[in-house]
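Chemist: Numbering-wise, the sequence shown is residues 61 to 433 according to this note's numbering.
Virtual Cβ for every residue (Gly too), placed ideally from N, Cα, C.
Note that the structure is a prediction, hence the values are computed from the model and not measured.
Okay, here's the structure, questions in a sec.
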Amino acid sequence: MADKPTKGLADVVAASTALSDIDGKAGRLFYRGYDIHDLAGHATFEEVAHLLQRGTLPTRRQLADYGAELAEGRTLGALVESNVSEIAGRQAPMEALRTLVSLAGADDPDKDSNAADANRRKAARLTAQQPILVARYHAARTGADIPEPDPELSTAANFLLQITGRRPEPREVEIFDTCLVLHADHTMNASTFAARVCAATLSDMHSAIVAAIGTLKGPLHGGANEQVMRTLEALDPRGVAQAVRDKLAAGEKIMGFGHRVYKTEDPRATHLRRMSQELAEASGDDTYYRMSREMEEVVFADKHLYPNVDFYAATVYHYLGIPTDLFTPVFSVSRMSGWTAHVIEQHADNRLIRPDSEYIGERDQKWVPIDER
Ligand SMILES: CC(=O)SCCNC(=O)CCNC(=O)[C@H](O)C(C)(C)COP(=O)(O)OP(=O)(O)OC[C@H]1O[C@@H](n2cnc3c(N)ncnc32)[C@H](O)[C@@H]1OP(=O)(O)O
Ligand SMILES: O=C([O-])CC(=O)C(=O)O
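Laid out in structure tokens, this is it:
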């Protein structure tokens with residue numbers, strides 16, 4: 061008989077990875093041994109994606125080559141092109157992305173191979189495509205004409221340009237780029253685990269990413285950033301503390317707080333709080349930032365819970381002019397770099413992921429024919 065399971069696989073080591081590492085007690089996060097505090101604000105998203113997918117921080121030459129590969133990967137395939145408008149009219153953003161990535165799998169020239177070089181190319185293509193899919197989805201549903209991606213611009217600059225329709229300020233690009241860096245990878249989080257389970261059957265990268273997108277969507281994971289904004293919008297700015305206390309007293313979870321691994325401040329939240337404050341002050345209306353600070357104080361005082369990555373990401377994206385229902389898609393734009401790197405890592409040293417279960421149902425049931433039940 062199997063041992064008692066750990067509910068939610070808490071503290072179970074489910075895979076070995078060289079991609080990222082967390083010290084939950086000290087509140088530290090590393091990508092391939094680099095401290096997130098050294099990467100955030102210094103490395104670009106493209107450098108971090110290269111680090112995760114190709115193993116090293118790139119030289120200038122490697123970065124130029126990788127950038128060219130990304131620029132080329134921004135062209136959507138025929139199947140995606142011919143379906144994006146209809147999908148935008150029928151599916152919410154994360155559902156649409158799940159569908160569009162699945163269609164992109166059929167368009168991909170390397171779709172039939174899990175070989176290392178094919179996986180490397182697919183990882184770059186998926187990373188290049190994801191922000192374009194979000195932008196094209198948004199344009200299709202709003203009827204807006206969006207600028208073509210500019211090959212001279214970074215992922216962050218192109219995304220803000222395509223979503224807001226205006227050329228972003230350099231500081232806005234820096235801040236958004238830092239958000240992408242902060243969200244790129246996070247050990248065995250639920251969506252990455254889903255991707256690895258799928259990849260471990262020797263299924264293909266696009267299938268694994270579809271599983272990951274469906275998993276990121278839920279409000280206990282990536283979907284929390286949208287819910288944080290919805291909570292802020294629903295609260296009366298003068299009654300934040302009492303409203304949060306009431307929610308907690310009623311046993312409600314406050315979105316954007318708590319974490320399975322961090323027992324102290326999530327190091328990503330430190331950066332996001334700072335950027336939220338900066339953007340709030342620059343916007344001339346810091347109401348949502350101040351409300352967030354008040355929520356943070358109450359949740360800490362009542363529950364001793366810290367904000368996670370989703371909490372201040374919400375107001376950062378809001379101040380950058382990103383529509384609220386695109387917050388989780390933005391998370392996927394960044395996490396695509398980590399998911400694809402995990403699929404590469406899984407395929408490189410694979411064994412089927414198939415845990416055991418504890419049986420808690422009836423035993424020794426007596427068969428009864430249908431007419432006698
Ligand atoms: C990118 C990310 O995925 S970051 C996480 C995004 N998700 C959220 O922000 C949703 C809100 N947070 C949560 O639901 C949880 O903290 C999770 C899902 C992140 C972690 O879950 P777990 O490790 O399974 O913790 P669990 O849900 O069992 O919570 C432990 C206790 O803290 C409480 N708790 C945890 N988070 C919260 C919260 N946000 N608000 C209020 N109470 C909370 C639980 O009610 C539980 O209390 P109990 O022991 O009295 O029943
Ligand atoms: O690690 C987790 O469980 C969730 C998280 O913070 C992430 O995926 O970034």
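Measuring from the CB of S397, is there a heavy atom of ligand 2 at a distance below 8 Å?
Modeler: Start at 1 with the first residue of the sequence shown, and residue 397 comes out as number 337. Flag unset: Cβ of S397 not near ligand 2.
Chemist: Cα separation between G318 and H266?
Modeler: Residue 318 sits at position 258 when you count from the first residue of the sequence shown. Residue 266 sits at position 206 when you count from the first residue of the sequence shown. Going by the C-alpha atoms only, they are around 31 Å apart.
Chemist: Considering only the alpha carbon of each residue, which of V393, T119, A138, E357 lies closest to A183?
Modeler: Looking up residue 183 in the sequence shown gives position 123. For the residues V393, T119, A138, E357, the minimum Cα distance to A183 belongs to V393.
Chemist: Tell me whether H402 counts as near ligand 2, meaning its Cβ is closer than 8 Å to at least one heavy atom of that ligand.
Modeler: Here residue 402 refers to the residue found at position 342 when the sequence shown is read from its first residue. Because no heavy atom of ligand 2 lies under 8 Å away, the Cβ of H402 does not count as near it: no.
Chemist: So does R320 have its beta carbon nearer than 8 Å to some heavy atom of ligand 1?
Modeler: Start at 1 with the first residue of the sequence shown, and residue 320 comes out as number 260. Yes, ligand 1 has a heavy atom inside 8 Å of this Cβ.
Chemist: Helix, strand or coil, according to DSSP, for L89 in the structure here?
Modeler: For the purposes of this step, residue 89 is taken as the residue at position 29 of the sequence shown. Strand at L89.
Chemist: Of the choices I314, A373, S336, G398, whose alpha-carbon is the least far from that of H364?
Modeler: If you number the sequence shown from 1, residue 364 lands on position 304. For the residues I314, A373, S336, G398, the minimum Cα distance to H364 belongs to I314.
Chemist: Considering only heavy atoms of ligand 2, does any lie closer than 8 Å to the CB of H243?
Modeler: The residue you call residue 243 lines up with position 183 of the sequence shown. Within the cutoff, so yes.
Chemist: Between which two residues does the alpha helix (DSSP H) holding D177 run?
Modeler: Translated into positions along the sequence shown, residue 177 becomes position 117. Where D177 is concerned, the enclosing alpha helix (DSSP H) stretches over 176 to 202.
Chemist: Taking 8 Å as the limit between beta carbons, can you name the residues of its chain near Q425, skipping five residues before and five after?
Modeler: Along the sequence shown, read from residue 1 onward, the residue named residue 425 stands at position 365. If we look at Q425 and ignore the five residues flanking it on each side, it has no Cβ neighbours.
Chemist: Can you tell me whether E405 is buried or exposed? The criterion is at least 16 other CB atoms within 10 Å of its CB, across all chains shown.
Modeler: Sequence index remark: in the sequence shown, residue 405 carries index 345 (1-based). Counting Cβ neighbours within 10 Å, E405 comes out buried, since at least 16 surround it.
Chemist: Let me check you understand the geometry: is the CB of K313 closer than 8 Å to at least one non-hydrogen atom of ligand 1?
Modeler: Start at 1 with the first residue of the sequence shown, and residue 313 comes out as number 253. At least one heavy atom of ligand 1 is nearer than 8 Å to the Cβ of K313, so yes.
Chemist: Quick one: does the C-beta of H331 sit closer than 8 Å to a heavy atom of ligand 1?
Modeler: Sequence index remark: in the sequence shown, residue 331 carries index 271 (1-based). No, Cβ of H331 sits at least 8 Å from all heavy atoms of ligand 1.
Chemist: Hey, how far is the Cα of A178 from the Cα of P383?
Modeler: By one-based count along the sequence shown, residue 178 stands at place 118. By one-based count along the sequence shown, residue 383 stands at place 323. Straight-line Cα distance between these residues: approximately 35 Å.
Chemist: For A128 and P211, what's the separation of their Cα atoms in angstroms?
Modeler: Stepping through the sequence shown from its first residue, residue 128 is reached at position 68. Stepping through the sequence shown from its first residue, residue 211 is reached at position 151. Near 8 Å, if we compare the C-alpha coordinates of P211 and A128.
Chemist: Provide the residue span of the alpha helix (DSSP H) that contains I223, from first to last.
Modeler: The count along the sequence shown starts at 1 and reaches residue 223 at position 163. Here the alpha helix (DSSP H) through I223 covers 215 to 224.
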